[in-house]
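Participant: One structure follows; several queries about it will come next.
Residue numbers (this note's numbering): 44 to 897.
In structure tokens, the structure reads:
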């Protein structure tokens with residue numbers, strides 16, 4: 044039977060539709076499967092990315108914990124460094140994570156490993172943190188303020204930073220200040236031979252030195268000279284000077300005294316010793332000639348001018364051609380000044396300075412090359428080094444360590460009362476309250492101290508040497524550490540030198556920490572050897588035993604936002620009873636009866652007896668606030684320095700020995716005697732609450748008259764036996780210094796760590812304290828500096844008029860009593876080679892490694 048055409052077409056169409064429908068269904072099903080599989084893959088990839096990022100971020104948890112501990116490994120139950128430790132947790136995204144750490148003591152690296160898990164995925168990453176130890180730098184200053192390095196007058200007193208194989212870094216500039224007493228008798232611009240070796244005693248040496256703010260000699264103004272028929276000084280400086288009482292137009296430099304930069308440790312050490320001895324050898328002037336820092340970093344002949352100079356790579360550092368002028372100025376005042384007039388710069392904004400390494404980089408680079416210092420000395424031409432910071436988290440971590448493996452002193456123990464007459468902040472508050480606000484100082488006896496979980500045998504066990512933990516003594520109150528014997532610190536607890544070398548002892552102080560040294564020689568320069576400085580030692584064996592029998596110094600680290608104080612072994616504290624009698628306050632003013640120079644109750648067997656001394660500190664690291672002045676790292680408290688170069692000392696010292704209603708008598712044996720200089724001992728020396736010591740006191744040195752300018756006699760006797768130019772004691776520091784930023788945040792109940800609690804005054808530099816010495820009197824008859832006044836003149840500002848008024852009419856410093864006299868010259872030398880691994884301070888990240896993901 045034949046089908047119709049239309050029927051066949053219909054069946055064909057239906058079949059085609061069915062086939063297309065089937066193919067479409069198959070395609071749709073296949074597409075759905077592909078989408079499902081693609082979604083699963085993409086989700087897995089997303090989870091892996093999430094896991095990887097989360098695992099990497101887990102490093103931050105461990106790093107934060109280590110940074111809080113200043114990158115020191117935590118302790119185990121035996122107070123040894125934990126060999127490995129970990130942190131773990133879960134994030135809200137479902138990732139479980141863990142970070143393990145192993146500290147490699149040989150490489151000083153933390154080996155970190157972070158693992159993460161999410162669903163059936165895992166990730167593993169590795170990272171290294173390089174740790175910088177406290178002992179890596181001899182000097183590290185993260186502050187931007189200048190560091191001033193002074194040499195003042197005495198040719199046999201060097202100022203030095205000698206680092207050996209350690210480094211020196213300052214973020215701020217280095218300023219060189221020389222005041223040595225060198226005159227050019229010919230007064231011209233041809234120069235005059237240097238004094239060898241005395242003028243070459245500012246010394247810098249390190250494996251690497253970087254002064255980020257540059258190097259230069261400090262500038263000084265050029266006041267118009269007084270007429271002098273014996274010299275041509277007026278014509279020499281007439282194009283650069285300024286009249287008395289006006290602002291300077293040009294600057295010269297403080298260049299009387301040369302700065303030596305060398306990479307050679309032995310040369311630096313030999314030169315420092317040679318300065319002290321004053322001998323012409325073993326080094327010669329020629330051997331350091333290239334290393335003298337230039338007075339000008341461009342070429343030409345004096346007088347050089349910085350504002351017209353081109354930076355061509357030339358420089359001027361021939362000290363035998365330096366023009367150093369000393370002359371009188373100030374008209375009738377007859378002040379004196381010493382300048383290095385070899386080069387001048389303008390007093391103008393952004394003016395170039397003759398010797399500034401940043402103003403003349405080509406000249407500096409050429410001198411550095413010629414001095415053999417390429418690769419060793421840098422300024423801003425090298426990268427800035429990150430400075431560690433300190434905050435309350437760090438201090439709390441150290442306190443936790445002390446609780447477990449050291450000691451915490453939170454309230455006074457074995458203490459004495461001591462009113463901080465030296466502290467300007469204290470004195471201002473005392474003037475306001477007129478009440479007892481004196482603190483107590485705790486005495487920390489390291490010979491009997493009991494540290495928590497401390498086993499001295501661990502320090503001598505070779506198998507534990509690399510796991511020895513820093514031990515922390517945490518102080519919340521003003522404290523003092525004393526060296527009680529000639530052999531050093533902790534000699535009873537640690538008789539073994541092996542143990543002594545292996546102990547890293549940290550003393551962390553929230554408030555003032557004072558070090559009281561030991562003095563073996565208790566003879567007085569008044570009685571014998573006035574040319575010999577008596578020595579005070581801290582953390583040093585001064586027993587005189589053979590070297591093999593001496594005790595090694597401890598490895599001591601001091602961390603404090605406050606400046607560390609140095610005390611004499613014979614320091615007598617200022618009790619409130621004594622303070623309120625001799626420094627009475629009322630109506631917001633302090634009206635002192637005596638001052639630091641004449642305080643016999645406290646100085647009779649200390650400052651009056653020993654005068655200038657040398658303080659030796661060994662194997663100590665100081666971590667302090669970058670807001671503290673790194674130029675003077677310690678505060679030498681008490682009476683250590685005498686006559687200075689100021690005019691203020693003449694009326695001020697006389698005021699403070701006076702008693703109203705009494706006059707002073709000139710020395711009849713001295714036809715040139717002036718009351719402005721000295722006088723006979725007055726009868727009131729024996730009165731109660733006398734402003735002066737009794738006549739039997741060492742203050743007078745056995746004489747019946749005052750020493751010159753009313754200072755303790757011992758200082759004048761030492762000057763006569765050594766040099767009239769000596770004005771300071773000396774601090775020889777064998778150790779390390781690190782100045783860092785202390786955070787200014789103030790958690791509840793906490794102070795601002797960036798601002799020191801105390802402001803130590805020095806000599807007359809105490810203008811913010813409301814002193815009133817109008818009850819004191821003086822007479823002035825010297826014929827210079829100040830207008831003459833009859834005896835009995837009240838000590839008030841209006842009576843301290845200069846002979847000729849300048850920018851100021853009166854001398855405000857002439858009516859300020861002395862509360863502390865601790866000026867010193869500073870020498871820093873590197874500690875012993877085994878003074879290492881004292882404790883971590885900062886971590887530096889290394890590249891991240893991906894180990895495994897699956």
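Virtual Cβ for every residue (Gly too), placed ideally from N, Cα, C.
Predicted model only: the values in this text are computed from it and were never measured.
1) Got a sec, what are the start and stop residues for the beta strand (DSSP E) residue 203 sits in?
2) The beta strand (DSSP E) with residue 781 in it runs from where to where?
3) Give me the Cβ distance between residue 517 and residue 445, rounded to the nearest whole Å; I'm assuming they're in contact under 8 Å.
4) So, for residue 93: in the same chain, excluding its five sequence neighbours on each side, which residues have a beta-carbon less than 8 Å away from its beta-carbon?
5) Do residue 295 and residue 382 count as a contact pair if the criterion is CB distance below 7 Å?
6) Locate the beta strand (DSSP E) running through residue 218, then write down its first and last residues.
7) What three-state label does DSSP hand residue 378 in the structure shown?
8) Helix or strand or just coil, what does DSSP make of residue 141?
9) Would you please state the rounded distance, in angstroms, between the beta carbons of residue 431 and residue 783? I believe it to be under 8 Å.
10) Across which residues does DSSP place residue 549 in a beta bridge pair?
11) What is the DSSP secondary structure of residue 590, counted as helix, strand or coil?
12) Below 8 Å on the Cβ atoms is my guess for residue 587 versus residue 865; work out the distance and round it to an integer in Å.
13) Quick check: the Cα distance between residue 459 and residue 467, rounded to an integer number of angstroms?
14) Classify residue 317: buried if its beta carbon has 16 or more other beta carbons within 10 angstroms, exposed otherwise.
15) Among 174, 529, 307 and 156, which has the Cα closest to the Cα of residue 659?
16) Comparing C-alpha positions only, which one of 338, 755 and 601 sits nearest to residue 638?
17) Measure the alpha-carbon distance for residue 890 versus residue 542 and round it to whole angstroms.
18) With DSSP run on the structure shown, which of helix, strand or coil describes residue 237?
19) Under a Cβ-count criterion, where at least 16 other Cβ atoms within 10 Å of its own Cβ denotes burial, should residue 975 be classed as buried or exposed?
20) Three-state secondary structure (DSSP) at residue 698?
21) Please check the pair residue 807 and residue 655, which I expect to be a contact at CB under 8 Å, by giving their CB distance rounded to whole angstroms.
22) Let me make sure I understand the geometry here. Which of 183, 315 and 189 has the alpha-carbon closest to that of residue 245?
23) Between which two residues does the alpha helix (DSSP H) holding residue 835 run?
24) Specify whether the stretch 712 to 720 and the stretch 815 to 831 touch according to this definition: at least 3 beta carbon pairs, one from each stretch, less than 8 Å apart.
25) Keeping to the same chain, check which residues put their C-beta closer than 8 Å to that of residue 853; ignore five residues upstream and five downstream.
26) Quick one: Cα of residue 237 to Cα of residue 328, how far?
27) Which of the three DSSP states, helix, strand or coil, is assigned to residue 386?
28) Which of helix, strand or coil does DSSP assign to residue 195?
29) Pick helix, strand or coil for residue 82, following the three-state DSSP scheme.
30) Residue 159 lies in the beta strand (DSSP E); which residues open and close that run?
31) Roughly how many angstroms lie between the CA atoms of residue 737 and residue 729, to the nearest whole one?
32) What does the alpha-carbon distance come out to for the pair residue 190 and residue 788?
33) From residue 607 to residue 435, what does the alpha carbon distance come to, in whole angstroms?
34) Check residue 753 in the structure and name its three-state DSSP category.
35) Return the residue from the list 333, 332, 361 and 786 that minimises the CA-CA distance to residue 345.
36) By the 10 Å Cβ neighbour count, where 16 or more other Cβ atoms means buried, how is residue 501 classified, buried or exposed?
Facilitator: By the coordinates alone:
1) The sequence position of residue 203 within the chain shown is 160, counting from 1. Residue 203 -> beta strand (DSSP E) spans 202 to 205.
2) In the chain shown, residue 781 corresponds to position 738, counting from 1. That run of the beta strand (DSSP E) goes 772 to 785.
3) Along the chain shown, read from residue 1 onward, the residue named residue 517 stands at position 474. Along the chain shown, read from residue 1 onward, the residue named residue 445 stands at position 402. Rounded, the Cβ-Cβ distance is 4 Å, consistent with contact.
4) Within the chain shown, the letter at position 50 stands for residue 93. Within the same chain, and ignoring the five residues on either side of residue 93 in sequence, the residues whose Cβ sits closer than 8 Å to its Cβ are 136, 138 and 161.
5) Your numbering for residue 382 matches position 339 in the chain shown. Your numbering for residue 295 matches position 252 in the chain shown. Yes, they are a contact pair.
6) The residue given as residue 218 occupies position 175 in the chain shown. Note, residue 218: beta strand (DSSP E), 217 to 222.
7) Looking up residue 378 in the chain shown gives position 335. Strand at residue 378.
8) As a working note, residue 141 is residue 98 in the chain shown. Of the three classes helix, strand and coil, the one that applies to residue 141 here is strand, per DSSP.
9) Taking the first residue of the chain shown as position 1, residue 431 is located at position 388. Taking the first residue of the chain shown as position 1, residue 783 is located at position 740. So it is a contact: roughly 5 Å between Cβ atoms.
10) On the chain shown, residue 549 is found 506 positions in, with the first residue counted as 1. DSSP output for residue 549 lists 515 and 600 as bridge partner(s).
11) In the chain shown, the residue the question calls residue 590 occupies position 547. Assigned with DSSP and collapsed to three states, residue 590 falls in helix.
12) Numbered from 1 along the chain shown, position 544 holds the residue referred to as residue 587. Numbered from 1 along the chain shown, position 822 holds the residue referred to as residue 865. That belief does not hold up - the Cβ atoms of residue 587 and residue 865 are roughly 28 Å apart, past 8 Å.
13) Counted from its first residue, the chain shown places residue 459 at position 416. Counted from its first residue, the chain shown places residue 467 at position 424. Computed Cα separation, rounded: 21 Å.
14) For this step, residue 317 is matched to residue 274 along the chain shown. It counts as buried.
15) For the purposes of this step, residue 659 is identified with residue 616 of the chain shown, where counting begins at 1. Considering only alpha carbons, the answer is 529.
16) The residue labelled residue 638 in the question sits at position 595 within the chain shown. Of 338, 755 and 601, the residue nearest in Cα terms is 755.
17) Taking the first residue of the chain shown as position 1, residue 890 is located at position 847. Taking the first residue of the chain shown as position 1, residue 542 is located at position 499. Distance between the alpha carbons of residue 890 and residue 542 is about 37 Å.
18) Sequence index remark: in the chain shown, residue 237 carries index 194 (1-based). Correct three-state label for residue 237: coil.
19) This structure does not reach residue 975, given that the chain is present from 44 up to 897, and the question cannot be answered.
20) If you number the chain shown from 1, residue 698 lands on position 655. Looking at residue 698 - three-state DSSP - the assignment turns out to be helix.
21) As a working note, residue 807 is residue 764 in the chain shown. As a working note, residue 655 is residue 612 in the chain shown. So it is not a contact: roughly 19 Å between Cβ atoms.
22) If you number the chain shown from 1, residue 245 lands on position 202. The shortest C-alpha separation from residue 245 is found at 315.
23) In the chain shown, counting from the first residue as 1, residue 835 sits at position 792. Element bounds for residue 835: not the alpha helix (DSSP H) but the beta strand (DSSP E), 832 to 837.
24) yes
25) Along the chain shown, read from residue 1 onward, the residue named residue 853 stands at position 810. These residues qualify, in order along the chain: 840, 841, 843, 844 and 845.
26) The count along the chain shown starts at 1 and reaches residue 237 at position 194. The count along the chain shown starts at 1 and reaches residue 328 at position 285. Going from the Cα of residue 237 to the Cα of residue 328 covers about 9 Å.
27) For this step, residue 386 is matched to residue 343 along the chain shown. It is a strand residue.
28) The residue you call residue 195 lines up with position 152 of the chain shown. Coil.
29) Working through the chain shown from its first residue, we reach residue 82 at position 39. Low confidence applies here, because residue 82 scores a pLDDT of 47, under 50, leaving its location unreliable; read the following figure in that light. It is helical.
30) Numbered from 1 along the chain shown, position 116 holds the residue referred to as residue 159. First-last of the beta strand (DSSP E) with residue 159: 152 to 161.
31) One-based indexing of the chain shown puts residue 737 at position 694. One-based indexing of the chain shown puts residue 729 at position 686. Those two C-alpha atoms are separated by around 6 Å.
32) Within the chain shown, numbered from 1, the residue matching residue 190 stands at position 147. Within the chain shown, numbered from 1, the residue matching residue 788 stands at position 745. One C-alpha to the other measures close to 26 Å.
33) Locating residue 607 in the chain shown gives position 564, where the first residue counts as 1. Locating residue 435 in the chain shown gives position 392, where the first residue counts as 1. Distance between the alpha carbons of residue 607 and residue 435: 19 Å.
34) Position 710 of the chain shown, counted from the start, is the residue given in the question as residue 753. Under the three-state reduction of DSSP, residue 753 is assigned to helix.
35) As a position in the chain shown, residue 345 is number 302, starting the count at 1. The candidate whose alpha carbon is nearest that of residue 345 is 361.
36) Position 458 of the chain shown, counted from the first residue, corresponds to residue 501. Residue 501 comes out buried.
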